[in-house]
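Colleague: To start, I am sharing the structure in question, which I have written as structure tokens.
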Amino acid sequence: MHRVKIRSITAACKINDRIFSALLMGLRQGKFETERDISGFIDSQIRKAGARKAFPTIVAIGKNAVDWHHRPANSKLAEGGFCVIDFGARVNRYCSDMTRTIRFGKATAKEKGIYAKVLKANMLCIKKTRAGVGGHEIYLYSRKILGSHARFFGHGLGHGLKKIIHAHPRLSRKHRHSLREGDIITIEPGIYIPHRMGIRIEDSVLVKANGFEVLTKSPKKLIEVSLQK
Ligand SMILES: [Mn+2]
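Residues 0 to 228 (the numbering used here) make up the sequence shown, in order.
Right, dumping it as structure tokens:
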């Protein structure tokens, strides 16, 4: 059941992890100056891995990230603060999906607190993942964890991954899908503060009879990259 899908998406998630790690190295070496430099790198690495893009790569610094679907522009990283990086690869047409948010320069104590909240929602919601649980239950749980910041979380918590990127089951308020063994879903809580910043942390997760397996394994602890010239 679902063998080809699981194998393909697992391979696609590995591409995500390898690219994210190479990207961090490039950032530390000062190789990129704009959002588009980063998205161009990601897209070329996806092609190099013999895969295709699952959806248009998102790289969004600072307040650009308030738009969840921001298209990478010539915005300078140095002016950025947080940077949301959301991309996926397609292997045998099956999609992976992962988001990491990094910080250019040092995060303030307040920013660290907000990041920690998103991370907590990501990790605790992943822990709740297992066959039989309702997607909306996990969605509501994520809002509970985000607490006073839930009003800045305007999209669903996740979606199924198949040959289309936004597949069933949906993890949202209005959908009543239960998770089934062999589903691969995303868990992607976020906090988007108007005119200021966005933070999202997303993993691709395999639903198992008695639990879950996280397929995207890139680090989630806050990464601060200095962009000194
Ligand atoms: Mn997604």
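Even for Gly, the Cβ is constructed at its ideal location relative to N, Cα and C.
Please look up how many angstroms separate the CB atoms of Thr185 and His158, rounded, as I've assumed it's under 8 Å.
Modeller: Confirmed, about 6 Å.
Colleague: Just reading off the alpha helix (DSSP H) that Leu23 is part of, what are its end residues?
Modeller: Its alpha helix (DSSP H) spans residues 2-27.
Colleague: Does the beta-carbon distance from Glu180 to Lys162 come in below 9 Å?
Modeller: No, they are not a contact pair.
Colleague: Short check: CB of Ala11 to CB of Ala53, under 9 Å?
Modeller: Yes, these two residues count as a Cβ contact at 9 Å.
Colleague: Quick check on this structure: which residue in Cys94, Arg51, Lys105 has the alpha carbon closest to the alpha carbon of Ala77?
Modeller: Nearest C-alpha to Ala77: Lys105.
Colleague: Could you say which of Phe151, Gly133, Asp96 lies nearest to Pro168 if we only look at CA atoms?
Modeller: That would be Gly133, whose Cα lies nearest to the Cα of Pro168.
Colleague: Which same chain residues, not among the five before or five after Ser38, have their C-beta less than 7 Å away from its C-beta?
Modeller: Correct list, in chain order: Thr56, Val58, Pro71.
Colleague: Could you give the DSSP three-state label for Ser177: helix, strand or coil?
Modeller: In this structure, Ser177 counts as strand in the three-state DSSP scheme.
Colleague: Could you tell me if Gln249 is buried or exposed, where buried requires 16 or more neighbouring beta carbons within 10 angstroms of its beta carbon?
Modeller: Residue 249 lies beyond the residue range present for the chain, which begins at 0 and ends at 228; the question has no answer from this structure.
Colleague: With DSSP as the reference, identify every bridge partner of Phe151, one or two as the case may be.
Modeller: Per DSSP, none; premise fails for Phe151.
Colleague: Bridge partners of Thr33, per DSSP?
Modeller: Answer by DSSP bridge pairing, in chain order: Lys75.
Colleague: What first and last residue would you give for the beta strand (DSSP E) that runs through Ala84?
Modeller: According to the sequence as given, residue 84 is Ile; it is not Ala. Its beta strand (DSSP E) spans residues 81-86.
Colleague: Could you check where the alpha helix (DSSP H) with His135 kicks off and where it finishes?
Modeller: Where His135 is concerned, the enclosing alpha helix (DSSP H) stretches over 134-145.
Colleague: Based on the DSSP secondary-structure assignment, which residues constitute the bridge partners of Met97?
Modeller: Answer by DSSP bridge pairing, in chain order: Phe86.
Colleague: Report yes if the C-beta of Gly157 is less than 8 Å from at least one heavy atom of ligand 1; otherwise report no.
Modeller: Result yes, Cβ under 8 Å from ligand 1.
Colleague: Starting from Glu59, follow the beta strand (DSSP E) in both directions and report where the run begins and ends.
Modeller: Here residue 59 is Ala; the residue named in the question, Glu, does not match the sequence. Element bounds for Ala59: 57-60.
Colleague: Below 8 Å, is the gap between the Cβ of His165 and the nearest heavy atom of ligand 1?
Modeller: Under cutoff, so the answer is yes.
Colleague: Taking buried to mean at least 16 other C-beta atoms within 10 Å of its own C-beta, is Asn121 buried or exposed?
Modeller: With 16 or more Cβ atoms within 10 Å of its Cβ, Asn121 is classed as buried.
Colleague: Measuring straight from C-alpha to C-alpha, what distance separates Ser7 and Asn91?
Modeller: About 6 Å.
Colleague: So, at 7 Å on beta carbons, what are the nonlocal neighbours of Thr33 in its own chain, with the 5 sequence-adjacent residues on each side left out?
Modeller: Excluding residues within five positions, the ones whose Cβ falls inside 7 Å are Asn73, Ser74, Lys75, Leu76.
Colleague: Output yes or no for whether 9 Å exceeds the beta carbon distance between Phe152 and Leu145.
Modeller: Result yes, Cβ atoms of Phe152 and Leu145 sit closer than 9 Å.
Colleague: What residue does the alpha helix (DSSP H) around Ile113 start on, and which one ends it?
Modeller: 108-127 is the span of the alpha helix (DSSP H), which, as asked, contains Ile113.
Colleague: Where Ile137 and Phe19 are concerned, what is the direct C-alpha to C-alpha distance, given to the nearest angstrom?
Modeller: Going by the C-alpha atoms only, they are around 27 Å apart.
Colleague: Taking just the CA atoms, how far does Lys109 sit from Thr215?
Modeller: If I take the Cα positions, the gap works out to 27 Å.
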